[in-house]
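Enquirer: Structure incoming, see below.
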Amino acid sequence: MRNELLSPAEMAEADRLAIAAGPLDGYGLMLRAGEAVAAVVLARYPAAKKVHVLCGPGNNGGDGYVVARLLAEAGVDVALWAEGKQKAGSDAARASEACNLPVNHLNDFHPEAGEVVVDALYGAGLSKNLSPYAQAASGISGAENVPVVSIDLPSGVSGETGWTRAYFKADLTITFVRKKHGHLLMPGRSLCGEIIVADIGIPDSIIDQLKIKTFENTPDLWLRWYFPRTAIDVHKYQRGHVAVFSGGPNSTGAARLSALAAARSGAGATTILSPGDAMQVNAAHLTSIMLRKTDSVADVDEFVNERRPFAYVLGPGFGAGDKARDFTLWLLARNRLDETQGRLDRGGVVLDADGISAFRDEPAALFNAARRVGAYPLILTPHEGEFGRLFPDIAADKKSSKLSKARAAAKLANAIVVYKGADTEIAAPDGRAAINANGAPWLATAGSGDVLSGIIAGLLAQDMAPFEAACAAVWIHAEAGRRFGPGLIAEDLPSAIVSILRELIETQPDLR
């Protein structure tokens with residue numbers, strides 16, 4: 195499975211390269227697209243009383259004219275509605291001329307129950323609002339509750355950002371070659387319905403030329419080459435050691451959630467680093483997870499020299515003060531020291547919640563420390579509010595998509611950024627990014643993010659590369675929430691990931 199995601203500009207370049215390489219020209223690709231959509235409509239809606247095809251002035255509309263012609267030739271009752279004129283000599287004009295059906299003005303469009311609408315008004319490249327007529331058509335389709343099949347993207351949804359003001363809500367969206375950013379970015383993702391990616395004759399070799407850096411976050415991205423493989427003779431410290439920093443006596447639960455998640459995700463050993471006044475509280479709730487008194491940087495240094503943990507979680511329930519900043523900067527400096535001595539620690543520092551907020555007044559201190567490390571040992575996991583506190587200028591950019599903001603933040607901070615939400619983005623400083631699409635609303639519960647931090651650390655500790663570890667953790671965490679369903683609380687998640695890990699390991703492709 196290929197999981198590259200294309201921007202509208204990248205899709206246009208893929209079309210250009212494919213046309214230059216042949217054998218299909220632009221009109222040939224349009225015919226292939228129309229054939230794919232018509233075949234799906236015939237298969238999915240064989241009993242439709244009528245199919246309304248709504249065509250715009252561009253190539254998306256051209257696809258629609260092909261669909262209308264093919265459906266009519268198959269004996270379907272087709273009503274053709276149009277908005278705007280095709281550019282003379284264009285592929286869309288050629289498709290329009292080949293379609294002999296009468297054309298109605300979109301102003302008079304009104305579907306009825308039992309009919310189907312094919313939305314071919316505007317595609318992924320739309321950068322303006324829908325016209326009043328198109329807005330009315332979308333509203334009428336929704337009010338009459340007729341199925342809508344959108345070509346490429348529901349009209350009104352940006353293929354670049356997923357944003358929309360007025361839009362069609364599709365039951366089924368048929369796109370071509372690869373999904374686009376807007377299929378997965380919210381709110382676009384919620385408007386596409388089922389997404390089908392149709393082959394129209396553009397080979398993978400064309401997409402390879404584009405050197406795409408945006409992906410849908412699925413196991414195909416990280417399972418084969420990056421996911422941990424455990425040998426039969428391994429011992430616990432070879433599976434990695436995770437250290438999780440605990441807050442004070444009244445806020446210890448978040449750290450324990452992270453530690454349990456790290457252990458469940460495969461770390462061979464997990465230790466909670468607890469302030470002295472919270473030792474008894476933590477001890478009362480721990481069994482397999484170890485405990486160490488840690489009140490100062492000197493205490494952390496002593497522990498690290500003795501136990502050499504591979505990954506750290508700092509922030510859940512910790513408190514957003516000087517202590518969080520001091521510990522974080524020391525850990526990053528420690529990794530730098532190890533690098534200069536030729537023994538860079540594996541794993542990294544997962545900074546979440548209070549650990550992120552602790553740098554709201556001096557983010558440059560964190561970013562400079564991360565840049566001095568030289569590798570990517572820092573993983574930031576902000577939700578929208580935390581992102582705004584750490585990256586206020588980037589967050590304030592109204593023109594950039596959430597994906598673009600995650601990328602900009604990762605580059606600025608020299609960190610892996612996990613920008614959490616319904617469409618969580620994972621971005622790396624080198625420009626790679628993934629959009630997660632298997633999330634569920636049940637994950638919107640207190641402590642869920644603490645568990646995610648622990649899963650990331652657990653995978654880092656097993657020597658998984660940071661970007662891929664973050665991607666895998668986000669997918670596993672979301673899948674656990676999706677499968678568990680209503681009633682989920684954070685305490686359920688560490689156990690819920692067990693069956694998912696088993697499936698991943700059992701289906702992990704052989705590297706031979």
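If you read the sequence shown in my numbering, its first letter stands for residue 195, the second for the next number, and so on.
We put the CB at the ideal spot given by N, CA and C, even for glycine.
1. For Ser344 and Val612, what's the separation of their Cα atoms in angstroms?
2. Near Lys605, which residues of its chain fall below 7 Å by C-beta distance, leaving aside the five closest residues on each side in sequence?
3. Keeping to the same chain, check which residues put their C-beta closer than 7 Å to that of Ala314; ignore five residues upstream and five downstream.
4. Answer yes or no: do Val310 and Ala241 have a C-beta to C-beta separation smaller than 7 Å?
5. In the structure shown, what three-state DSSP assignment does Thr424 receive?
6. List the residues that DSSP assigns as beta-bridge partners of His435.
7. What span of residues does the alpha helix (DSSP H) with Glu291 cover, start to end?
8. Exposed or buried, Val692, counting other C-beta atoms within 10 Å across all chains shown (16 or more means buried)?
9. Answer with buried or exposed for Leu531, where buried requires no fewer than 16 other C-beta atoms within 10 angstroms of its C-beta.
10. Kindly indicate which three-state DSSP category Cys386 falls into: helix, strand or coil?
11. Taking DSSP as the reference, what is the three-state secondary structure of Gly536?
12. In whole angstroms, what separates the C-alpha of Arg696 from that of His377?
13. Reducing DSSP to helix, strand and coil, say where Tyr327 ends up.
14. Closest to Ala628 by C-alpha separation, out of Ile466, Glu204, Arg238 and Thr408, would be which residue?
15. Is the segment 387 to 400 touching the segment 656 to 675, taking contact as three or more C-beta pairs under 8 Å?
16. Of the choices Asn294, Ala463, Gly353 and Asn301, whose alpha-carbon is the least far from that of Gly317?
17. Comparing C-alpha positions only, which one of Arg263, Lys279 and Thr488 sits nearest to Gly252?
18. Which residue comes first and which comes last in the alpha helix (DSSP H) that contains Asn630?
19. Go ahead and pull the three-state DSSP assignment for Asp728.
20. Considering Ser344, what are the terminal residues of the beta strand (DSSP E) in which it resides?
21. Can you give me the start and stop residues for the alpha helix (DSSP H) that Tyr221 sits inside?
22. DSSP three-state call for Ser468: helix, strand or coil?
23. Looking at the secondary structure, which residues open and close the beta strand (DSSP E) in which Glu673 lies?
24. If you measure between the beta carbons of Val438 and Ala453, is that distance less than 7 Å?
25. Roughly how many whole angstroms lie between the Cα atoms of Asp495 and Ala631?
26. Give me the Cα-Cα distance between Phe678 and Leu687, rounded to the nearest whole angstrom.
27. Taking only heavy atoms of the ligand ZN into account, decide whether any of them is closer than 6 Å to the Cβ of Thr618.
28. If you follow the beta strand (DSSP E) that Val312 is part of, which residue opens it and which one closes it?
29. Between which two residues does the alpha helix (DSSP H) holding Val371 run?
30. Taking the C-alpha atoms as reference points, what is the distance between Phe553 and Trp524?
31. Between which residues of its own chain and Thr464 is the CB-CB distance below 6 Å, once the five residues before and five after are set aside?
32. If you run the structure through DSSP and keep just helix, strand and coil, what is Gly356?
33. Would you please state the rounded distance, in angstroms, between the beta carbons of Gly350 and Met380? I believe it to be under 8 Å.
34. By Cβ distance below 7 Å, which residues in the same chain neighbour Gly216 in space, the five residues on each side in sequence not counted?
35. Considering only residues of the same chain and omitting the five flanking positions on each side of Arg626, which have a CB-CB separation below 7 Å?
36. What are the residues that DSSP puts in a beta bridge with Gly579?
Expert: According to the data block:
1. 31 Å
2. Excluding positions up to five away in sequence, the list reads Pro623.
3. If we look at Ala314 and ignore the five residues flanking it on each side, its Cβ neighbours are Val247, Leu248, Cys249, Gly250, Asn254, Gly255, Asp257, Gly258, Val261 and Ile345.
4. no
5. coil
6. According to DSSP, His435 bridges with Ala463.
7. Its alpha helix (DSSP H) spans residues Asp285 to Ala292.
8. exposed
9. At Leu531, the pLDDT of 45 sits below 50, so the modelled position is not reliable and the matter cannot be decided from this model.
10. coil
11. Caution applies to Gly536, whose pLDDT of 44 falls short of 50 and renders its modelled position unreliable; the model cannot decide the point.
12. Taking the straight line joining both Cα atoms gives about 30 Å.
13. helix
14. Thr408
15. Segments in contact, no.
16. The shortest C-alpha separation from Gly317 is found at Gly353.
17. Lys279
18. No alpha helix (DSSP H) contains Asn630, which DSSP labels as neither H nor E.
19. No statement about residue 728 is possible, as the shown extent of the chain runs from 195 to 706 and does not include it.
20. Val342 to Ile345
21. Gly220 to Arg238
22. The answer is strand: DSSP assigns Ser468 an E or B state.
23. Run containing Glu673: none in the beta strand (DSSP E); it sits in the alpha helix (DSSP H), Pro660 to Phe678.
24. yes
25. Looking at the two C-alpha atoms, the distance is approximately 40 Å.
26. 8 Å
27. This structure simply doesn't include the ligand ZN, nor any ligand for that matter.
28. Val310 to Ala314
29. Here Val371 belongs to no alpha helix (DSSP H), and DSSP marks it neither H nor E.
30. Distance between the alpha carbons of Phe553 and Trp524: 14 Å.
31. Val436, Ala453, Ala456, Ala457 and Ile483
32. Here Gly356 sits in coil by DSSP.
33. 14 Å between Cβ atoms; not a contact.
34. none
35. Lys407 and Phe661
36. The partner list for Gly579 (beta bridge, DSSP) is empty, contrary to what the question assumes.
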